[in-house]
Each structure stands twice: as C-alpha cells, then as structure tokens.
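Contents: one structure, followed by commentary.
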Amino acid sequence: MGTDVVWPQSGPVGRGGQVRVLAAGLLVLAALAYLVGASLPQGTVYYQTVAEIQRRPADAQPVRVAGLVAAGSVERGGPAGLQFAIADGADRLPVVYHGVVPDIFGPQVEVVVEGRRDPSGVFQAQTLLAKCPSRFQSAVPTPSGANRP
Amino acid sequence: MITPFADVGYIALVLALVVAVYSAVAAVAGQQVPALLTSAYRGVGAVATLVSLAVLALWVGLLGHDFTVRYIVETSSRTMDPLALISALWGGQAGSLLFWAWTQALLTGLVLWRSRARYPALLPVVTATLLAVQAFFLFLLALVANPFARVPLAPDDGRGLNPLLLDVGMRIHPPLLLTGYMSFVVPFAFAVAALVTGDLSRTWLTAVRRWTLLAWAIQAAGLLMGAWWAYHVLGWGGYWGWDPVENAALLPWLTATALLHSIMVQERRGMLKVWNLGLAIGTFALATFGTFVVRSGVISSVHSFAQSAIGPYFFAFVAVLTLGSGGLLIYRLPALRAEGQFDALASREVGFLANNWLLLAAAAATFWGTLFPLLSEAVRGVKVAIGPQFYRGVNGPIFLALLVLMGIGPLLAWRRTSRGSLIRNFRLPVLAAAVGGLALLVAVGLDRAGAALAFAACAFVLGAIGLEFGRGVRVRRRAGAGWGSALTSLVTTNRRRYGGYIVHLGIVVLALGVIGSSFFQQTADVTLRRGEQTTIGRYTLRYTGLTSYREPGVAATTAGIAVQGATPLTLHTERRVYSGWEQQPVTGVAIGTTLPWLEDVYVLLTGWDDAGTATFRVFLNPLVALVWVGGLLLLIGTVIAAWPVAVRQPHAVRRAVPSLVGALPDA
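Protein sequences appear in the order of chains R and G. Counting from 265, one number per residue, gives the positions in the first sequence under the numbering used here. Counting from 1488, one number per residue, gives the positions in the second sequence under the numbering used here.
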C-alpha cells in the first residue's frame, strides 16, 4: 500500500499498470468526444416556424416545421403525392409529400414535417409525423377538459 | 354502473401510504429495537395486501364498466374484451403508477422472503429504502394522480384504449418495462444498505448481483417486446427508432449491464467498490428518470402520455435519491479502498473495465441525445430534434467495440495474460474473423465494408465463444463422455459461466440481425392493379385482390399478396377502423420470413381506390428474425446463469468452501 492518499476505486496502483489503464480510459473518452462531435451535426434537425422558413432563402440543410394541417388544403393521391398546407397562425406553408401517410393524418391535425423548401416556395417533405397531443391516452378532448394540463 | 370499489381502492391506497411510511421508519429504528423490526416486516405484507386490493378494485371497476371513474372512462369502453380491460390498468398514467406501486410492493415482499435469513444485518435498511420509494409512489397516487378520481357526470360509454394498444405485444411490453424499471430499486436499496451499515462483504455482492440480474432480464424482455411491437404494429419497417422513450428504457439497462460485469472485478479482486455502488445508484436514478420520461410527457415522443402534475414531484424524487445516496457514498469513501490494483492491460479486470467504459460511453451519448432538445430549448431557445443518425453515428462504433471486447474479455486471464496464451487463445477467433470478414467483403462488395467489418466482429466473437465451449467439451470428452452429455454437464456444472456465454451468443445473434437489417434494408412504394406484380430483392410480389369484412367494433379492408421465391408465402395486410376511433385507422402489417435467407418481406397497405387498385409500401428486411432469436437466447442464458445459484445450494456451500469458490471461474 502506498502512503499517499489515493482515489479509492483504483487503489494504490504500481507504475506501469495504472498509467496504461488511465491512458486507455482517456482514449475511450477522446473517442466518445470525437464520435459525438462528428455525429451531432448530422443528427441535429432544427425546427423553424412557418414565418421563419419563408423569410429565409431555400436552405441545403433539412429542417422541421410544425403546425396544423390547414382545413380544406389536403389533396391526396396522384403522381404529385400528398399536397397540403401547414398553418401556423396566419402563415401558411404549402407542402408536398411522397410516402406513407400516418394513420391519424387529416385536417386540423398537428403535424411535423421534415425536409427542404424548394426555390418555388413549396416545402418538399421527406418525413411526415402526425402528433396527437396525448396519443396514448385519448384522441378526443373530454367534455370537462379533464385530461388537459 | 356505480360501484363502491373505487372508494375501497382509494382507501386502500391511503392506508398503504400510512403503513409504508410507518414501516420505513420502524425498520430504521428496528435496528435497535427488535420488536419494531418485526412490525416493520409485517408492514411490508400489509402494504402488499393493500396495494393489491387497490389494483383489484380498479380491475373490478374496469370489468364492470364503472364510468363514474375518470381513469376508466379514459382507458376503456364497453366493446373491449376482458383481457383488454385488464391491460387497461397500465393503459394510462395513473394506472401505470399504480401498476409500479403494486409490482414494487410484491417485489419488496419477495426480497424480504428470499433475503431475510441471508442478510439480517442489511435487511432493515434495504426494507426501509424500498418502503420509502414505495411511499413516494403511493403519495403520488393518493394525492396527485389518483386513479380512482370520479367524473362529475358519468358518460354512457368510455373512450376506449387507443387501437394501437390493442395488440398482444402491447399487453405484455409496458408491464414488463415498468416492472423492469421498478426492479432496479432492489440493487439500489442494497447499495444504500451497504453505505449505511458499512457492510460490503461478499454476501452483499451476491445479493446485488442476483437482484440486478433479475431486473436486467426483465428490462431486456421489456425492450425486446417493445421492439417486437414496434416492428409488427407500427409499420415503419424497423424495430428501434432511438425515440426518447426507447432511449430512456435502454439507459438503465446499459448501466446495469456494466454493473453485472464490473461486480465480478470486486468479487475477484476487491476493486471498483465505489464504481459499483455508483452504478447501482445511477441505474436506479436512470430507471426513475425513464419512468418519469415515459409517464410525464416532458419529452415529446410517439409514446407521450398527457402532460400532468407529476413532473415536478418526479424531478424532486430523482434529485433527493441521487444527492442523498451520493452524499452517503462520499461519507463512506474512506472505507471503500480497493484491495488490489491493475497489474497489466491484457488482464480480465481491465477487460471488464473497458467494457464498463464503453457501456457508460453509450449511455452518456444516449442520455445527451435524449436531453439535448430540452436543454437547447431551455438554454438557447432553439428548438431541435436529435435524429437516429446521431445515435447510429455514436453508438454504432461503440457497440461494435463492445462486441469485439465480448470476444476478447473471456479469453484474458485475471491479473495478466502471457504472450503465449494470448497467441494460443486468439488464433482461432482471429482466423474466424479474417475468413468471415474476407468472404463477406467479397459477397457484399467494398462499398459496404462497414457491414463486412461488423460481420467479421461477430465471427470473431462466435469463434471465441466456440473456443470456450470446445475446450470444456474436449476435457469432458477425454473423461469418456459423449458429445451431448459433455456439453450438458459442462453447462450444468458451471451455469453462471456458460449461461453467461449463452447470453453473449444471444447478443451476437441479435447483432447479426441488427447489422443485416440496418445495412441491407430495401424499400419500395408501389401502386398495383389486381393481378399485377412487383419485385423486391429476390422476390416477386403479386397483388391478388381486396376484400372487406366486419367484426364487432371493427371494420377492415384486407389486401392479399402472394410472394414467389424459394419459399412461397401468402400475406394479408389490412386497414382496420375501430368504432370510436374513426379518425385513426390502424394498419395491419403483413410480415413473412423467408427460408433459407431469413429475409422478412414486410408489406403495408397504404391506400386503395374504388377500382381495387392499391398502394403498398414494401420493405425487405434481412435477418430481422435473428433479432428475436438472439433475444430469446439472451433470456435463456440469463435463466441458466441465474436459476440454480439463486434457488438451490447457494450460500452454505460458498461459505463452507471459500477456497473452492475462489477457484471457480467467473463469467
């Protein structure tokens, strides 16, 4: 046992062993930091409001936009795919989407689309998520509003 | 129908809270006064009985359609069958909390029954800790999220459970995960007991290891069932989406996996004591965090429940338990000196340490990714989402390294491994990896080198596990046993070690499935007229037509698909509309697993017109079947490793023959 105070979990380790173990640990830590640093930009998708996305020029990075499906804007089927508009207050964003439409999609449903705005101002969505505020408890508000915060 | 059961249930909850608080205090005081301790232990039985009564009351109300109770209105309806009504117990927030409280009450009873004689010195504090946690949940149930609260005006019918939850997988998966989350409380309680009493002996280690293994296995089963449900019901072609709620369930499982490994270093070398205590505490903190995430709606996710008032309470609870046990840990630091040291890098203990670092790195990255959107919005005011690319990018390489380490670790000797034995031990696995990797590289092409590398890692681990089994069997064969009996006796006489290897085998098989399906998935969206066909991979899919049918409470439209390949299959994918949930039709996925390639043809009916022309999304998912096979192997291995030691001849022998125990191999 060494005489000096040592960190209890590793113990009074002799020369080579401890240094090498510590070095290996730092290596793991460095690798983690690198992986996080390298993957975070790819994995991060920013949310923009309808107003924000219309103000900015068409972007290379995909973004997410959330809002309600505007009533009367939905056109299904055809080679053009699903077309609808997202309403966020008074702002509206036309969206085109090809792919599987979520079961709960419809007018006045809260949706999140991910994709890019093309030069003509239409949002080309790669993913379409429909959100139900309390999906697994109840899809319909209670008469008394009991379920809402 | 108005029943008094709701009142009975509520009274039972309040009484249970009172008894739990009393018994927790009595258990602590009982360390000096034996009579109080006896009464505290009886209190455990009383709490279990009272909470069971509350659960029974809610079930009676659900089965009897007592729509004066809000929870019953929100989670059930008259058209639901009895089994669905029973599973409505955990279909909503208050019920889930009640379910947690109930299983914890039963588990506390089990701990008392199994461990009272074995750990008399630890058990008062263990019991007090378990009861304190219990009291927190009972407090929430009695005062914040009461499952028996009435509605002012009873409707004729309830709103019913969400159709997505009507699947069998959903009846099993949430209770399993909730039970898993909950059971991490036992290792935590033993950690607190060790810190309070200062007893970190070998018996303490055995207790922590066993109860952690139980919780770990339940959580693993819950995760697997969740993946199964996502794959078979949600229809997005995958089984794991790095959703916040999935991450929350994975986190304690990762740290518990770390604990199960690092605890062997403490058993063998008396090292990593603080580390292990920290893992036991941290695992439960993460499990509580997980329950909080799942049940509070704080992070938006497909799983989110309604937001509610329980959030701040959970936050306070996690804070108290982390700070409290952290403080205890610091207080006990002087007593937690390591008895040994790391001698060399190529040693079993460093292998375990590296395993822990990697598991914790994966947990840290996952935790960060899960919380980052919350932090970003709170601190920078910028709303972001962290997608699967982040988790794949970080956890993919970490899991690959863990996989390789899983092959290396068991072949290393304790303290240090000589050069000669390194070469001897790694010759075969490295050869297997090289041959397997090269063969696959040729098969899949250079552009998918990542997949070939991952498959090579699997081959390496398979080689290492095979080597361990092979050596054991060879020794027994020399003693004159046949192949079958040699293998059986090898496993049955070293269940902990070989059970562990079977768990490792399960992980490799699961990894093969994950690699196959994430690197080689194919997708197509097709619109077909009746009789038309399309191809995906090596299969031809012919659309045979559309039919409709009606059953009580559900109307469905079914499309038939005939799959031509080495094994012809007939698939039916449908769209179901449940009465009361017309806005949310449910898509029934059709999945056929082909032989011999183990590819899943996964078909989804996405739309149709009056002429019978239908649109489908088709996935070809290679090797997904191996995910389920591997999961099953993992569970079987855990049962083999845990069962006999936990039930028969455990302690007396260990205590009587310590030298022999010291010589036993740990896996």
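Where a beta carbon is used, it is the ideal one built from N, C-alpha and C, also for glycine. Predicted model only: the values in this text are computed from it and were never measured.
In the three-state reduction of the DSSP assignment, proline 1916 of chain G falls in the helix class, which pools H, G and I. Listed along the chain, the chain G residues whose CB falls inside 7 Å of the CB of aspartate 367 of chain R are Gln2071, Pro2072, Val2073, Thr2074. Straight through space, the alpha carbons of valine 1948 of chain G and proline 1884 of chain G are spaced by roughly 16 Å. Identification of chain R residues near alanine 1831 of chain G by a Cβ-Cβ cut-off of 7 Å yields Gly281, ordered along the chain. Of all residues in the region 281-313 of chain R, only Gly281, Gln282, Arg284, Val285, Ala288, Gly289, Val292, Leu296, Leu299, Val300, Ala302, Ser303, Leu304, Gln306, Gly307, Thr308, Val309, Tyr310, Tyr311 place a beta-carbon less than 7 Å from a beta-carbon of chain G. Exclusion of the five residues before and after histidine 1748 of chain G leaves Phe1839, Asn1842 as the residues of its chain whose Cβ lies within less than 6 Å of its Cβ. Between the region 2108-2118 of chain G and the region 1992-2012 of chain G there are three or more C-beta pairs closer than 8 Å, enough to call the two in contact.
Take alanine 1681 of chain G, set aside five residues on each side of it, and the residues of its chain with a beta-carbon closer than 6 Å to its own are Leu1687, Trp1691, in chain order. With 16 or more other Cβ atoms inside 10 Å of its own Cβ, valine 333 of chain R counts as buried. When C-alpha distances from valine 1720 of chain G are compared across G/Ala1707, G/Glu2061, G/Gly2124, G/Leu1550, the shortest belongs to G/Glu2061. Glutamine 1591 of chain G has no beta-bridge partner at all, per DSSP. A distance below 7 Å between beta-carbons, with the five flanking residues on each side excluded, links phenylalanine 1671 of chain G to the following residues of its chain, in chain order: Ala1702, Pro1739, Ala1743, Thr1770, Phe1771, Ala1774.
Taking a Cβ-Cβ cut-off of 8 Å, the neighbours of glycine 363 of chain R in chain G comprise Asp2012, Arg2104, given in sequence order. Beta bridge pairing from DSSP links isoleucine 2078 of chain G with G/Tyr2089.
Close CB contacts of leucine 1892 of chain G within its chain, under the 8 Å cut and outside five residues either way in sequence, are with Gly1838, Ala1841, Asn1842, Leu1845 (chain order). The C-beta of serine 1972 of chain G has fewer than 16 other C-beta atoms within 10 Å across all chains shown, which makes the residue exposed. Beta-bridge partners assigned by DSSP to phenylalanine 348 of chain R: R/Val359. Here tryptophan 1703 of chain G carries a helix assignment [DSSP, helix/strand/coil]. Using beta-carbon distances, threonine 1778 of chain G does not count as an interface residue toward chain R, since no partner is under 8 Å. Under the DSSP definition of a beta bridge, asparagine 1842 of chain G lacks any partner. Under the three-state reduction of DSSP, glycine 2047 of chain G is assigned to strand. The residue among G/Gln1580, G/Ala1608, G/Val1613 with its C-alpha nearest the C-alpha of glycine 1596 of chain G is G/Val1613.
By the criterion of a C-beta distance shorter than 7 Å, arginine 1565 of chain G is surrounded in its chain by His1552, Asp1644, once the five residues flanking it on both sides are discounted.
Residue G/Trp2084 holds the alpha-carbon nearest to the alpha-carbon of alanine 2053 of chain G among G/Ala1833, G/Trp2084, G/Val1761.
The C-beta of aspartate 1568 of chain G has fewer than 16 other C-beta atoms within 10 Å across all chains shown, which makes the residue exposed. Counting C-beta pairs closer than 8 Å gives fewer than three between the region 1920-1940 of chain G and the region 1855-1871 of chain G, which falls short of the contact rule. In this chain, the beta strand (DSSP E) harbouring tyrosine 2030 of chain G covers 2026-2038.
At least one CB of chain G lies nearer than 8 Å to the CB of arginine 328 of chain R. Counting only runs of 4 or more residues that sit fully inside the region 1526-1567 of chain G, the alpha helix (DSSP H) segments are 1557-1562, in chain order. Around the Cβ of serine 2035 of chain G, a 10 Å sphere holds fewer than 16 other Cβ atoms; the residue is exposed. In the DSSP secondary-structure assignment, tryptophan 2095 of chain G is bridged to G/Ala2101.
In this structure, leucine 1543 of chain G keeps its C-beta atom at 8 Å or more from the C-beta atom of leucine 1576 of chain G. Distance from the Cα of aspartate 1830 of chain G is smallest, within the candidate group G/Tyr2089, G/Arg1902, G/Phe1877, G/Ala1851, for G/Arg1902. The beta carbons of tyrosine 1606 of chain G and glycine 1582 of chain G sit no closer together than 8 Å.
Counting of Cβ neighbours within 10 angstroms places arginine 319 of chain R among the exposed residues, the total staying below 16. In chain order, Leu332, Val333, Ala335 place their CB closer than 7 Å to the CB of glutamine 372 of chain R, counting only its own chain and leaving out the 5 sequence neighbours on each side.
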